[in-house]
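Only one structure is covered here, and it is reproduced in the block below.
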Amino acid sequence: MKTVAALSSLLLGIASVSAVPVTERDVQAPTEFDVTKFSANTIPHGTGAFISFDVAIPNTSVTTTCSYSDQSSVGDLPSVSMRPCDDPAVQWQFHQDPSQRGAEGHYRVVVTYTYDGTKRVGGFHEWPATDFPLEQYGAAFATFYRGTPDFVITNLS
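Our numbering puts the first residue of the sequence shown at 762, with every later residue one more than the last.
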């Protein structure tokens, strides 16, 4: 019995000395962001704006809501600077590109995701200004998103 105990101790000691440290596996960057329930509008007959959408990142457990609201916008949707979603690994921003001669600028949402500690990937989706019409409600005006609420961002880099 003493021989078995001595051999076990010896083998465990050798195993712990010669063990190779476990390294992190290389986490692959996502190839798309699935966006659902995108909505954006200002308030008719008042002040305020709302932008909201969900983001799911395939092959991860990440599903989060990104949202913004204010009590100061009148008529036009505001530019929203980079801000975290409910899951802070996902960030987003929203703005309208400057107008070009004869046409209104596109609207654009940018989404980024931080993964594997410090790696970051991002992409964007853009719409024509016609998807965000300024609509009249009596004497007031408001902007409403009238496009498809679900889309996939695949231009990640």
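Idealized CB from N, CA, C, for every residue including glycine.
Assignment of residue 837 by DSSP, reduced to helix, strand and coil, places it in the coil class. Per DSSP, residue 812 is one residue of the beta strand (DSSP E) stretching across 810-817. CA-CA distance, residue 793 to residue 823, rounds to 12 Å.
Residue 912 is positioned such that its CB atom lies no closer than 8 Å to that of residue 802.
For residue 899, the closest alpha carbon among the candidates 804, 795, 788 is that of 804.
Excluding its 5 nearest sequence neighbours in each direction, residue 856 has C-beta neighbours in its own chain below 8 Å: 840, 841, 868, 869, listed in chain order.
In this structure, DSSP gives residue 795 an extended state, which the three-state scheme calls strand.
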